[in-house]
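Colleague: Take a look at this one; I'll ask things after.
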Amino acid sequence: MREGIRPHSIEIMPLFSGSSGNSILVSTSDTMVLVDAGMNCKKVVEALSIAGVEPTELSAILITHDHTDHIGALDVFTRKFGIPIFATSHTWEGIHSVEKKPHDAQLDHEIMTGTRFAIGQFEVLAFDTPHDTSGSCGYRFFTESCSAAIATDMGTMTPEIFDSIKGSDGILLEANYDRDMLWNGEYPYILKRRIDGQYGHLCNDDCAHAVAQLCKTGTRHFILGHLSKENNLPQVAERTVLRALLEEDLVRDKDFTLRIANRYTPTAPLLLEASDEKIYLQEVVG
Numbered sequence: 002m003r004e005g006i007r008p009h010s011i012e013i014m015p016l017f018s019g020s021s022g023n024s025i026l027v028s029t030s031d032t033m034v035l036v037d038a039g040m041n042c043k044k045v046v047e048a049l050s051i052a053g054v055e056p057t058e059l060s061a062i063l064i065t066h067d068h069t070d071h072i073g074a075l076d077v078f079t080r081k082f083g084i085p086i087f088a089t090s091h092t093w094e095g096i097h098s099v100e101k102k103p104h105d106a107q108l109d110h111e112i113m114t115g116t117r118f119a120i121g122q123f124e125v126l127a128f129d130t131p132h133d134t135s136g137s138c139g140y141r142f143f144t145e146s147c148s149a150a151i152a153t154d155m156g157t158m159t160p161e162i163f164d165s166i167k168g169s170d171g172i173l174l175e176a177n178y179d180r181d182m183l184w185n186g187e188y189p190y191i192l193k194r195r196i197d198g199q200y201g202h203l204c205n206d207d208c209a210h211a212v213a214q215l216c217k218t219g220t221r222h223f224i225l226g227h228l229s230k231e232n233n234l235p236q237v238a239e240r241t242v243l244r245a246l247l248e249e250d251l252v253r254d255k256d257f258t259l260r261i262a263n264r265y266t267p268t269a270p271l272l273l274e275a276s277d278e279k280i281y282l283q284e285v286v287g
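When the letters of the sequence shown are read in order and numbered with the numbering used here, they come out as residues 2 to 287.
Structural data, given as structure tokens:
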């Protein structure tokens, strides 16, 4: 059992977040899952240790898509610890194409977007995200009285994504790049166009607009994630989002809370209590 989490509450803890690797621990009182397993197996195990979690305690790993910064640790981690994996059919094709050795096929679970499925105490909804690989998706986690969503790696906030995540108590949302930094930076033109395109990543301005609208539909707690190392800065992303919220007369720590996921180290967990709308930010020791 995950200590410090009441039944039906949800804790979101980004282990690391960015183009070098992504992994997010999502927990309730007796169910723990990873969303993505980027970087490498050693880094994921080390981050879980800081969180006070043994890999064998995980109920599942949910994969958003097959890019290396989301599955880099998966091959070794799966063979070493035997954790069930959930992904869309196209994502499974990508996962299998880069495996160095096969793992137990009984661990593989194929999911369909738009359909809910159960993992322990969680009911999970996968939803499509427009990204430059087939089968890319985000996830929303439900308990009896609380919900949280993970939405990254998408070129645009589609109406379908918005409808899938609105009303969540807490959301980790992509703020990948500042558009001026991207277009004035050193990336080749074709890469800039890919990132800024419909199937690339979500920029700070679009993230800010989405956060403001999500806040007005009931979400109170936000984590900005998957920031680009080259084309963004935490303070730039935060300032852009705060400006949009201020324009809607929304007040920080009254109407919403906002934090940035760390790139290389675990971020203090966001504990969404089912009993009320309060948030508790715990310090990570390690």
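Think of the CB as a built atom: it goes at the ideal place given N, C-alpha and C, for glycine as much as any other residue. Since this is a predicted model, take the numbers as computed values, not measurements.
To the nearest angstrom, how far is the alpha carbon of Val-54 from that of Lys-230?
Modeller: Stepping through the sequence shown from its first residue, residue 54 is reached at position 53. Stepping through the sequence shown from its first residue, residue 230 is reached at position 229. The alpha-carbon atoms of Val-54 and Lys-230 are separated by roughly 28 Å.
Colleague: Starting from Ile-72, trace the alpha helix (DSSP H) in both directions and tell me its first and last residue.
Modeller: Within the sequence shown, residue 72 is the residue found at index 71, counting from 1. Counting along the chain, the alpha helix (DSSP H) containing Ile-72 begins and ends at 69-72.
Colleague: How many Å lie between Leu-173 and Arg-141 at the Cα?
Modeller: Within the sequence shown, residue 173 is the residue found at index 172, counting from 1. Within the sequence shown, residue 141 is the residue found at index 140, counting from 1. Roughly 10 Å between the two C-alpha positions.
Colleague: Taking the C-alpha atoms as reference points, what is the distance between Arg-180 and Glu-124?
Modeller: Along the sequence shown, one-based indexing puts residue 180 at 179. Along the sequence shown, one-based indexing puts residue 124 at 123. Near 36 Å, if we compare the C-alpha coordinates of Glu-124 and Arg-180.
Colleague: In the DSSP output, which residue or residues are listed as bridge partners for Arg-180?
Modeller: As a working mapping, residue 180 is identified with position 179 in the sequence shown. Per DSSP, none; premise fails for Arg-180.
Colleague: Note the first and the last residue of the continuous beta strand (DSSP E) segment covering Val-125.
Modeller: In the sequence shown, the residue the question calls residue 125 occupies position 124. Looking at the DSSP string, the run of the beta strand (DSSP E) that includes Val-125 is 123-129.
Colleague: Assuming Thr-268 contacts Arg-221 (C-beta within less than 8 Å), just tell me the rounded distance between them.
Modeller: Mapped onto the sequence shown, residue 268 falls at position 267. Mapped onto the sequence shown, residue 221 falls at position 220. In fact, because the Cβ distance is near 18 Å, the residues do not count as touching under 8 Å.
Colleague: Taking the alpha-carbon positions, what's the Asp-67 to Ser-137 distance?
Modeller: Translated into the one-based positions of the sequence shown, residue 67 becomes position 66. Translated into the one-based positions of the sequence shown, residue 137 becomes position 136. Cα-Cα distance, rounded: 8 Å.
Colleague: Could you say which of Pro-85, Gly-83, Asp-129 and Arg-7 lies nearest to Tyr-200 if we only look at CA atoms?
Modeller: Indexing the sequence shown from 1 puts residue 200 at position 199. Tyr-200 has its Cα closest to that of Asp-129, out of Pro-85, Gly-83, Asp-129 and Arg-7.
Colleague: Would you identify the three-state DSSP class for Tyr-140, choosing helix, strand or coil?
Modeller: Along the sequence shown, one-based indexing puts residue 140 at 139. Strand.
Colleague: Is Arg-253 helix, strand or coil by DSSP?
Modeller: Locating residue 253 in the sequence shown gives position 252, where the first residue counts as 1. Note: Arg-253 maps to strand in three-state DSSP.
Colleague: Are Asn-177 and Asn-263 touching if we call contact CB-CB under 8 Å?
Modeller: Residue numbering aside, residue 177 sits at position 176 when the sequence shown is read from its first letter. Residue numbering aside, residue 263 sits at position 262 when the sequence shown is read from its first letter. Cβ atoms of Asn-177 and Asn-263: not closer than 8 Å.
Colleague: Have a look at Met-158, Val-34, Val-237 and Ser-20 and flag the residue whose alpha-carbon is nearest the alpha-carbon of Ala-149.
Modeller: Position 148 of the sequence shown, counted from the start, is the residue given in the question as residue 149. Comparing Cα positions, the closest option is Val-34.
Colleague: Confirm, please, whether the CB-CB distance from Ile-11 to Leu-273 is below 8 Å.
Modeller: Along the sequence shown, read from residue 1 onward, the residue named residue 273 stands at position 272. Along the sequence shown, read from residue 1 onward, the residue named residue 11 stands at position 10. Yes, the pair counts as a contact, with Cβ atoms nearer than the cut-off.
Colleague: With Ala-152 as the anchor, note down where its beta strand (DSSP E) starts and where it stops.
Modeller: The sequence position of residue 152 within the sequence shown is 151, counting from 1. Looking at the DSSP string, the run of the beta strand (DSSP E) that includes Ala-152 is 148-152.
Colleague: So, helix, strand or coil for Glu-55, using DSSP?
Modeller: The residue you call residue 55 lines up with position 54 of the sequence shown. Residue state, collapsed to three classes: coil.
Colleague: Using the beta-carbon count (16 or more within 10 Å), is Leu-247 buried or exposed?
Modeller: Translated into the one-based positions of the sequence shown, residue 247 becomes position 246. Burial call: exposed.
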